[in-house]
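Structure first, commentary second.
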Amino acid sequence: MTDLVIRPLVAGEENLFDSMPDPLPQLRQITYADGVAGGGYRPENTWVALRAGRVVGRAAWLLPPGAVGAPWLDRFDLDAEPEVGAELLHTAHEALGGPGLYYAALPAHWRRRAEVLAVVRAPLAAARLAGLTERGERLRCSWTGTPLPASSGRYDFRPPVDAAEINALVARIAEPDILTGVEIARAVGGVDLATDPLAWLGNAPEAWRIAREAGKPVGLVGTAGDACFPLLAYLGLLDEAARPELLAEAVRVLAAGGAREVVADVDAHRVAVLAELERTGFRQLRSRVVFAPSNAPE
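Going left to right, the sequence shown walks through residues 1 to 298 as full-length UniProt numbering numbers them.
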């Protein structure tokens, strides 16, 4: 590795980052140039490993303007052995004040796809060599117009009266089924989407629906139609039997507002929730594996 050079970019070197071919072009993610234009990517937070002038590893930490947290590793690509990637991360961590979170974006069903595994084994191994530990996996799913299941008539749906009613129901829901963008809410706004969704989504009761059975609340869903794309931001239940119809109702609300695609994030271990999303017409778009420093609290 005597010819290996590891350094941050300097302003105007965006093309150097992009000179490394995208190893996972099937992933939908912002380009590096768009990230720089939006202020989230910065040269001093972007590092490359070069051999004979060729980029063999690249790592970009992201911090949107106005964010209250620390930058997180958002792009990490490697065209070399894992030890090179680990050295790249170690060197960058020293300059950036230590290791932080890494959100590894991967194609859907990546573990079952040999061509994807061939690409991602090295960077994931490098992350572990650099002292990062896998802490969980979240799946992003997308509905794109599939006919929705018919309502049974068992439940009725209405908007909440006010923010207080939303907060009261949120307080009763221990573990929401769906939290879309929970990582961004925490990193950018310092908000726990599971316990304080209105702090991130805003006080707009018309974007929410309460599911009731015989007048009794059994579930709550919050949508966001004017985010980067229409999404199910929050879905929590007091009765799991209401999951199919509340999920379909939320999609209907967004579709009635003009949405042609709706996205939702779910923890990979929530098998029942994922199955219901698929029955509603959602399909997996990508996975996000979360890595954190080994000494970070769970």
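Positions of the beta carbon are idealized from the N, C-alpha and C atoms, including for glycine.
Whole-angstrom distance between isoleucine 6 and serine 151, CA atom to CA atom = The residue given as residue 151 occupies position 151 in the sequence shown. The residue given as residue 6 occupies position 6 in the sequence shown. In this structure, the alpha-carbon of serine 151 lies about 58 Å from that of isoleucine 6.
How long is the line joining the alpha carbons of valine 68 and alanine 127, rounded to whole angstroms?
-> Against the sequence shown, residue 68 aligns to sequence position 68. Against the sequence shown, residue 127 aligns to sequence position 127. Cα to Cα, valine 68 sits roughly 25 Å from alanine 127.
Should arginine 58 be labelled buried (16 or more other beta-carbon atoms within 10 Å of its own) or exposed?
-> Taking the first residue of the sequence shown as 1, we reach residue 58 at position 58. Classification for arginine 58: buried.
Simplified DSSP assignment, three categories, for leucine 254 = The sequence position of residue 254 within the sequence shown is 254, counting from 1. Note: leucine 254 maps to helix in three-state DSSP.
Please state if the CB of alanine 233 and the CB of tyrosine 166 are separated by a distance shorter than 9 Å.
-> Working through the sequence shown from its first residue, we reach residue 166 at position 166. Working through the sequence shown from its first residue, we reach residue 233 at position 233. Here residue 166 is isoleucine; the residue named in the question, tyrosine, does not match the sequence. The answer is no: Cβ separation not under 9 Å.
Look at leucine 198 and glycine 181 and say whether their C-beta atoms are less than 9 Å apart.
-> Reading the sequence shown from its first residue, position 198 is the one you call residue 198. Reading the sequence shown from its first residue, position 181 is the one you call residue 181. No, the Cβ-Cβ distance between leucine 198 and glycine 181 is not below 9 Å.
Shortest alpha-carbon distance to valine 262 belongs to which of Arg135, Tyr103 and Thr146?
-> For this step, residue 262 is matched to residue 262 along the sequence shown. Residue Thr146 is the option with its Cα nearest to valine 262.
Beta bridge counterpart(s) of glutamine 284 as assigned by DSSP = The count along the sequence shown starts at 1 and reaches residue 284 at position 284. Glutamine 284 is bridged to Cys141.
Please classify asparagine 167: does DSSP put it in a helix, a strand, or coil?
-> As a first step, residue 167 is located in the sequence shown; it is residue number 167 there, counting from the start. Here DSSP, grouped into helix, strand and coil, assigns asparagine 167 to helix.
Based on Cα-Cα distance, which residue from Glu240, Ala207 and Glu245 lies nearest to tyrosine 155?
-> Against the sequence shown, residue 155 aligns to sequence position 155. Selected option, being the one with the closest Cα: Glu245.
Note down, one range per segment and in chain order, each beta strand (DSSP E) of at least 3 residues found wholly within the region 194–281.
-> 208–213, 216–224, 231–237 and 262–267
Beta-ladder partner(s) of isoleucine 6, from DSSP | The residue you call residue 6 lines up with position 6 of the sequence shown. DSSP output for isoleucine 6 lists Ala49 as bridge partner(s).
Is the beta carbon of glutamate 240 sitting closer than 9 Å to the one on tryptophan 72?
-> Taking the sequence shown and counting its residues from 1, the one referred to as residue 240 is at position 240. Taking the sequence shown and counting its residues from 1, the one referred to as residue 72 is at position 72. Against a cut-off of 9 Å, the Cβ pair of tryptophan 72 and glutamate 240 comes out as no contact.
Do glutamate 221 and tryptophan 208 have their C-beta atoms closer together than 9 Å?
-> Stepping through the sequence shown from its first residue, residue 221 is reached at position 221. Stepping through the sequence shown from its first residue, residue 208 is reached at position 208. Before going further, note that residue 221 is valine rather than glutamate in the sequence given. Cβ atoms of valine 221 and tryptophan 208: closer than 9 Å.
Taking Cβ to Cβ, would you say leucine 132 is nearer than 9 Å to serine 287?
-> Position 132 of the sequence shown, counted from the start, is the residue given in the question as residue 132. Position 287 of the sequence shown, counted from the start, is the residue given in the question as residue 287. Result no, Cβ atoms of leucine 132 and serine 287 do not sit closer than 9 Å.
Among all the DSSP beta bridges, which residues are the ones paired with alanine 59?
-> Indexing the sequence shown from 1 puts residue 59 at position 59. DSSP, once it has assigned bridges, lists Trp47 and Phe76 as partnering alanine 59.
Take every Cβ of the region 250–265, pair it with every Cβ of the region 111–130, and state whether three or more of those distances are shorter than 8 Å.
-> no
Segment contact, 8 Å Cβ cut-off, at least three pairs: the region 72–87 with the region 48–63 = yes
Have a look at the DSSP bridge pairing and note the partners of alanine 292.
-> Within the sequence shown, numbered from 1, the residue matching residue 292 stands at position 292. Beta-bridge pairing links alanine 292 to Thr133.
Answer with buried or exposed for threonine 46, where buried requires no fewer than 16 other C-beta atoms within 10 angstroms of its C-beta.
-> Locating residue 46 in the sequence shown gives position 46, where the first residue counts as 1. It counts as buried.
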